[in-house]
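Student:
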Amino acid sequence: MGKKLSKKISRRTFLKGAVASAALLGPGIPYIAKKAVAAEPLYVGVVSPASGNYADHGMMERMGMQMAADEFKAKGVLGRPIKLLVEDDETDPAVGARKARRLIEVDKVKFLIGGVSSSVAVSVGEVAQRYGALFIASNQNSDTITGEKAHRCVFRVPPDMAMALRTLGPYIIEKVGKKWYFFTHDYEWGWSGTRWGKKVLEKYGGTEVGESKVPLNTRDFSSFLIKARAAKPDALVITVGGIDRAALIEQMFEFGIYKEMTPVETLYDYEDVWAAGAEKNFGIHGTEWFHGIDIPAVKEFVTKYKKRWPAALIPVPTQDTANGYIGLRELLRAIERAGKDDVTAVIKALEGHTVTDSLKNDPIYIREWDHQFIWAFYVVRSKKPSEMKDRADFFELLKWSPGKEVARTKEENPVKLEPYPG
Amino acid sequence: MTEFLSFAVNGLVLGLIFAVVALGFTLILGVMQVINFTHGILFAFGAYFAFTLQRFVGFWWALIIAPIFVGLIGLILERLVIHRTYGGNPLFGLLLTFGLATALEEVIRMIWGKPGYSVAAPRFVAGSLDLGFMFYSKYRLLLAALTIIIILLVWLFLEKTSYGAIIKAGASDSEMVMALGKNLPRMRTFVFAIGSILAGVAGVIAAPIWSVRPTMGTAILMPAFVIVVLGGIGSFWGSVIAGLIVGMSTSISVMFWARISDIIPYVLMAIILLFRPRGLMGEKSVLEV
Numbered sequence: 001m002g003k004k005l006s007k008k009i010s011r012r013t014f015l016k017g018a019v020a021s022a023a024l025l026g027p028g029i030p031y032i033a034k035k036a037v038a039a040e041p042l043y044v045g046v047v048s049p050a051s052g053n054y055a056d057h058g059m060m061e062r063m064g065m066q067m068a069a070d071e072f073k074a075k076g077v078l079g080r081p082i083k084l085l086v087e088d089d090e091t092d093p094a095v096g097a098r099k100a101r102r103l104i105e106v107d108k109v110k111f112l113i114g115g116v117s118s119s120v121a122v123s124v125g126e127v128a129q130r131y132g133a134l135f136i137a138s139n140q141n142s143d144t145i146t147g148e149k150a151h152r153c154v155f156r157v158p159p160d161m162a163m164a165l166r167t168l169g170p171y172i173i174e175k176v177g178k179k180w181y182f183f184t185h186d187y188e189w190g191w192s193g194t195r196w197g198k199k200v201l202e203k204y205g206g207t208e209v210g211e212s213k214v215p216l217n218t219r220d221f222s223s224f225l226i227k228a229r230a231a232k233p234d235a236l237v238i239t240v241g242g243i244d245r246a247a248l249i250e251q252m253f254e255f256g257i258y259k260e261m262t263p264v265e266t267l268y269d270y271e272d273v274w275a276a277g278a279e280k281n282f283g284i285h286g287t288e289w290f291h292g293i294d295i296p297a298v299k300e301f302v303t304k305y306k307k308r309w310p311a312a313l314i315p316v317p318t319q320d321t322a323n324g325y326i327g328l329r330e331l332l333r334a335i336e337r338a339g340k341d342d343v344t345a346v347i348k349a350l351e352g353h354t355v356t357d358s359l360k361n362d363p364i365y366i367r368e369w370d371h372q373f374i375w376a377f378y379v380v381r382s383k384k385p386s387e388m389k390d391r392a393d394f395f396e397l398l399k400w401s402p403g404k405e406v407a408r409t410k411e412e413n414p415v416k417l418e419p420y421p422g
Numbered sequence: 423m424t425e426f427l428s429f430a431v432n433g434l435v436l437g438l439i440f441a442v443v444a445l446g447f448t449l450i451l452g453v454m455q456v457i458n459f460t461h462g463i464l465f466a467f468g469a470y471f472a473f474t475l476q477r478f479v480g481f482w483w484a485l486i487i488a489p490i491f492v493g494l495i496g497l498i499l500e501r502l503v504i505h506r507t508y509g510g511n512p513l514f515g516l517l518l519t520f521g522l523a524t525a526l527e528e529v530i531r532m533i534w535g536k537p538g539y540s541v542a543a544p545r546f547v548a549g550s551l552d553l554g555f556m557f558y559s560k561y562r563l564l565l566a567a568l569t570i571i572i573i574l575l576v577w578l579f580l581e582k583t584s585y586g587a588i589i590k591a592g593a594s595d596s597e598m599v600m601a602l603g604k605n606l607p608r609m610r611t612f613v614f615a616i617g618s619i620l621a622g623v624a625g626v627i628a629a630p631i632w633s634v635r636p637t638m639g640t641a642i643l644m645p646a647f648v649i650v651v652l653g654g655i656g657s658f659w660g661s662v663i664a665g666l667i668v669g670m671s672t673s674i675s676v677m678f679w680a681r682i683s684d685i686i687p688y689v690l691m692a693i694i695l696l697f698r699p700r701g702l703m704g705e706k707s708v709l710e711v
């Protein structure tokens, strides 16, 4: 009995082995051979939030990066296939720095991209600079990233808050009113937003009627809303992001605050508008990009997105997707222009470069002295549910400013970058 | 003045939610002598169930169904593991429930994902009430009314029913109660379920205020613990009063300096314990040997 059984098993094993070797000998051998001659992949480390306050923003930017990587799939970069190594920064500066260090030290990555939180970008940027790796900050808007904490090894794709408030501010003064109350997310990005808001008020003779510093991870805004309402502002100028903002929007609706003053998001992220829904979409806002910008490149990008991600949570690309896409695409193009994967050569290929196919109304100029991408900023109005043409049609475009007209000048932002690495 | 009144009302509402959470916590602690660290996560389950259910059955049904689910989870936990720690060193229960809470938080992450979600307040109470001398959200006023009703119901149950009397007797002398022929283990399971339901109810009504996220259980546990200690362990009205004090001081501190609102409860606890080591209304507690 035992003998019989063992015989049976061995025959079966033999058969399995035969099938496996046939598979290998057939199409398998050419596959292995091809792999052996193919070049070493070009690894790009992605440090992006998949948890924490900006998790959904991280998801949207990674989708954009994937779209850029897809474009290089056939030909590769310098004949090498592109591999993205994705790490979750958990919206935490310490975690972001640790993951970046691991990507550089263990995975030997020379190029990093990603991130939504400005605080994370600052810490990842410091790591990149120390190790001589190149970091593309794809979705952070605090001034410091291309200001006091600018580095030779860091480039920043989206506009800073100076560009945001200089486009948005004068419009609000003119159309909404001169009395502003500020909600400031109590970290790098929030401070930047309110700081430039106050400068706009000063320049145009407006008044600040109050400011509430909102700690990160605040979900109950009742006290802040009561305080803001008591100050009777024309505009409630909000630089609060992520899930905190979604909660704030719910509670502005709950308290009916939007009926008494105009909510102004200095930098409205589409993910948060989407989360709040049509009924809770009110006010006039600044935004770096949205899918309704009326130029052919954007229409094409939206179509591509829908084809690539038919089951996406948000049916249209957001500013994070566009920035993630542009960031990785320009990095890969720069590596091709440099002709080698050398960090200094790639930095030089990016500095002073102009990108004509930019997904905005103006081309991108990559400033050599502070590494800021200079391109347009937009002012939009929240549409009423009855005005929406489809379920993603949240914004009407009111105004846009070319990046070069609103960006900080060299005098306002006296940055001195370190020497080239290596 | 308008502003101050609105802040005070806001503090009252926060305090009432805190009080409901703390009541369940102190009930379990008083009767079973278990420092139940799963209480926070049961609160989170209440909120998450409500978040999911509201879309299908609306606010009122969610308010009823979600706490029942949470009560069932509590029941299962108690029957399976927690009852084994009764009568032992209170540290056993604490460690066990701490581990359970960590595991259950991961369960929330597995089911609902890592990111948080904001939760809409029910439509029929959208908007605010402006009385001239004060201004407040209608939803939160409704919520205040609900919590007051819940607190009164729990009080009536404990004070005015014979079952409540047995529960209280069981807390002070369990052997005597058993000797009188009462089924003490079943009563304890029942109390644990009630405590869980209170956590669940608080989760449902707090969801639109605090949004839902996996860590919300841990976040509420500390204030609840502080309130129970502040009010005096096992004291019903102590918990309610301490809840209101913590809510009020948190809310009003935002008026002056938002950043200190998080530490206020701890500072209060330190000061009160200096003068009243057993808390505001505490008597010799079960945790003292």
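Order-wise, the sequence lines are chains A and B.
For the first sequence, position 65 (counting from the first letter as 1) is numbered 65 according to the working numbering, and the numbering increases by one without interruption.
To convert, count from 1 in the second sequence and add 422; that's the working numbering.
Even for Gly, the Cβ is constructed at its ideal location relative to N, Cα and C.
1. Report yes if the C-beta distance between A/V380 and A/L359 is below 8 angstroms; otherwise report no.
2. Would you decide whether A/T207 is buried or exposed? Buried here means 16 or more other CB atoms lie within 10 Å of its CB.
3. Use the C-beta contact count for B/G510: other C-beta atoms within 10 angstroms, 16 or more gives buried, fewer gives exposed.
4. Nearest by alpha-carbon distance to B/I495: which of B/S428, B/Q476, B/G462 is it?
5. CB-CB under 8 angstroms to B/L475, same chain, minus the five flanking residues each way: which ones, in chain order?
6. At a CB-CB cut-off below 7 angstroms, which residues of chain B make contact with A/I364?
7. How long is the line joining the alpha carbons of A/V37 and A/T287, rounded to whole angstroms?
8. Take A/A247 and list the residues in its own chain whose beta-carbon comes closer than 6 angstroms to its own, dropping the five residues that flank it on each side.
9. With a cut-off of 8 angstroms, do at least 3 Cβ pairs link the stretch 520–538 of chain B to the stretch 254–267 of chain A?
10. Could you name the residues of the same chain whose beta carbon sits closer than 7 angstroms to that of A/T356, not counting the 5 residues immediately before and after it, in chain order?
11. Hey, is B/E705's beta-carbon within less than 8 angstroms of any beta-carbon in chain A?
12. Kindly indicate which residue of A/E211, A/E250, A/I243 has the alpha-carbon position closest to the one of A/P233.
13. Assess contact between the stretch 548–568 of chain B and the stretch 623–635 of chain B, defined as three or more Cβ pairs (one per stretch) separated by less than 8 angstroms. Is contact present?
14. Here's a check: name, in chain order, each residue in its chain whose Cβ is nearer than 8 angstroms to the Cβ of A/V176, leaving out the five neighbours to either side.
15. Using 8 angstroms as the limit for Cβ to Cβ distance, is B/M454 near chain A?
16. Consult DSSP for A/V389 and reduce its assignment to one of helix, strand or coil.
17. Looking only at its chain, what residues have a beta carbon closer than 6 angstroms to the beta carbon of B/F447, apart from the 5 residues adjacent to it on each side?
18. Residue range of the alpha helix (DSSP H) that A/D320 falls in?
19. Taking just the CA atoms, how far does A/N323 sit from A/W289?
20. Decide yes or no for the touch test of the stretch 669–680 of chain B against the stretch 425–433 of chain B: beta carbon pairs closer than 8 angstroms, at least 3 of them.
21. Rounding to the nearest angstrom, what Cα-Cα distance links B/V613 and B/G654 in this structure?
22. Excluding the 5 residues preceding and the 5 following A/R166 in the sequence, name in chain order all residues of the same chain whose CB lies nearer than 6 angstroms to its CB.
23. Indicate whether at least one CB of chain B lies closer than 8 angstroms to the CB of A/A247.
24. If you follow the beta strand (DSSP E) that A/P263 is part of, which residue opens it and which one closes it?
25. Given this structure, state the Cα-to-Cα distance separating B/R700 from B/L652, to the nearest angstrom.
26. Nearest-angstrom Cα distance between B/A615 and B/S428?
27. When the Cβ atoms of the stretch 309–327 of chain A are set against those of the stretch 55–64 of chain A, are three or more pairs found closer than 8 angstroms?
28. What is the DSSP secondary structure of A/I32, reduced to helix, strand or coil?
29. At a Cβ threshold of 8 angstroms, is B/P645 touching chain A?
30. Are there 16 or more other CB atoms within 10 angstroms of the CB of B/A472, so buried, or fewer, so exposed?
31. Is A/I226 close to chain B, meaning its C-beta is less than 8 angstroms from at least one C-beta of that chain?
32. Quick check: A/P93 and A/V116, are their CB atoms within less than 8 angstroms of each other?
33. Any C-beta of chain B sitting closer than 8 angstroms to the C-beta of A/P296?
34. Less than 8 angstroms separating the beta-carbons of A/W189 and A/S118?
35. Reducing DSSP to helix, strand and coil, say where B/Y508 ends up.
36. Should A/S51 be flagged as near chain B, meaning a C-beta pair shorter than 8 angstroms?
Tutor: Let's see:
1. no
2. exposed
3. exposed
4. B/G462
5. W483, A484, I487, A488
6. Per Cβ cutoff of 7 angstroms: no residues; A/I364 is ~30 angstroms from chain B at best.
7. Low local confidence applies: a pLDDT of 48 at A/V37 is under 50, so the model's placement there is unreliable, and no value is given.
8. R219
9. no
10. P363
11. no
12. A/E211
13. yes
14. D234, A235, T262, V264, I284
15. no
16. Reading off the sequence shown, one finds Lys at residue 389 of chain A, where the question assumed Val. Here A/K389 sits in coil by DSSP.
17. H461, A646, V650
18. 319–338
19. 9 angstroms
20. yes
21. 19 angstroms
22. V406
23. yes
24. 262–265
25. 8 angstroms
26. 35 angstroms
27. yes
28. With a pLDDT of only 46 at A/I32, under the threshold of 50, the placement of this residue in the model should not be trusted, and no figure is reported.
29. no
30. buried
31. yes
32. no
33. no
34. yes
35. coil
36. yes
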